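For the sequence shown, our numbering assigns the number 99 to the initial residue and increments by one for each residue that follows. Cβ coordinates follow ideal geometry from the N, Cα and C atoms, glycine included. In this text the structure is predicted, and so the values were computed from the model without any measurement. Structure first, then comments.
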Amino acid sequence: MSGEKSPQDIWEETVRRVKEMELVPLLWKALDVSKALALEGDTLIVGIAPVDYHLAGHLEAHKNKLLIERALSEVLGRRATIRVIQGTKPEDWERLKQREEVTRAMMEARAEARRREMDLERFWRDVGDEIHRKFMSTPHRHFPQVRAKFLLEVAVPMLLEAEPRAREMAPSEEVAERQLARAIDRVAELLGVPSSVLALEALRRGLKG
Numbered sequence: 099m100s101g102e103k104s105p106q107d108i109w110e111e112t113v114r115r116v117k118e119m120e121l122v123p124l125l126w127k128a129l130d131v132s133k134a135l136a137l138e139g140d141t142l143i144v145g146i147a148p149v150d151y152h153l154a155g156h157l158e159a160h161k162n163k164l165l166i167e168r169a170l171s172e173v174l175g176r177r178a179t180i181r182v183i184q185g186t187k188p189e190d191w192e193r194l195k196q197r198e199e200v201t202r203a204m205m206e207a208r209a210e211a212r213r214r215e216m217d218l219e220r221f222w223r224d225v226g227d228e229i230h231r232k233f234m235s236t237p238h239r240h241f242p243q244v245r246a247k248f249l250l251e252v253a254v255p256m257l258l259e260a261e262p263r264a265r266e267m268a269p270s271e272e273v274a275e276r277q278l279a280r281a282i283d284r285v286a287e288l289l290g291v292p293s294s295v296l297a298l299e300a301l302r303r304g305l306k307g
């Protein structure tokens, strides 16, 4: 078991065991220039200086990595893995972790924004589908005056009713406006009127767009 051994103590014992199991000059050279920086759970962080980093591939090659991790697991008394990074100080690992955390947070934020936009797109599509169903069941819908009445009495009120909820769902103002514009375009196409005419009437009645 590792007891109170430092990461470097653990690594040195691991290196010793690997060398006892395998004679591979380039692997040995990579082991010799490497240094343990931290033990994160079951992962030992191993650093190599920039000048020697071309040797990192010898630690990460599949066969060699399996060998190293087998030895490391024996030292720790549990299954363990290694991660090789560029740098030889614990601060190098901390900086890398911080950068990765920022990247992860940005990726999660983008994914969440995309998910919310897709939900919003479905919401407006459902509203549009409901308007479409109502329009298709309207008698004499081919008459322009009937379409105009439908626009005033059904389509615009439904858009106005949906807008507050849609804005709550939107991840940003830009997305809210873009999806609203698409919804207006679809309804306008259904009614055979310019989008600007439908938008103007909706704005006149209180649309926030």
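Secondary structure of R231, DSSP reduced to three states
Looking at R231 - three-state DSSP - the assignment turns out to be helix.
I need the DSSP call for V122, collapsed to helix, strand or coil.
DSSP places V122 in the coil class of the three-state scheme, outside both helix and strand.
Applying the 10 Å Cβ sphere with the 16-neighbour rule, what's the burial state of V200?
Exposed, because fewer than 16 other Cβ atoms sit within 10 Å of the Cβ of V200.
Go ahead and label R231 buried or exposed: buried means 16 or more other beta carbons lie within 10 angstroms of its beta carbon, across all protein chains shown.
Its Cβ having fewer than 16 others within 10 Å, R231 is exposed.
Taking the alpha carbon of Q184 as the reference point, which residue from K195, E206, E118, A178 has its own alpha carbon closest?
Out of K195, E206, E118, A178, K195 has the C-alpha closest to the C-alpha of Q184.
Might you give, ordered along the chain, the residues of its own chain that have their beta carbon closer than 6 angstroms to the beta carbon of T186, omitting 5 neighbours on each side?
So the qualifying residues of the chain are K133, G145, A147.
Between V337 and the rest of its own chain, which residues show a CB-CB distance below 6 angstroms, the 5 nearest in sequence each way excluded?
Residue 337 falls outside the range modelled here, since the chain spans only 99 to 307, and no answer is possible.
Kindly give me the distance between the Cβ atoms of K217 and M256, rounded to whole angstroms, as I take these residues to be in contact under 8 angstroms.
Looking at the sequence provided, one finds Asp at residue 217 rather than Lys. Contact check for D217 and M256: beta-carbon distance about 19 angstroms, past the 8 angstroms limit, so the pair fails to qualify.
Grab the span of the alpha helix (DSSP H) containing R284 for me, first residue to last.
Residues 271-289.
Taking the CB atoms as reference points, tell me whether I166 and I143 lie closer together than 8 angstroms.
Not a contact, by the Cβ cut-off of 8 angstroms.
What beta strand (DSSP E) runs, 3 residues minimum, are completely inside the segment 115-194?
Segments of the beta strand (DSSP E) lying fully in the segment 115-194: 132-138, 141-146, 179-184.
What number of angstroms, rounded off, separates the C-alpha of E118 from the C-alpha of E206?
Note on geometry: alpha-carbon atoms of E118 and E206 lie some 44 angstroms from one another.
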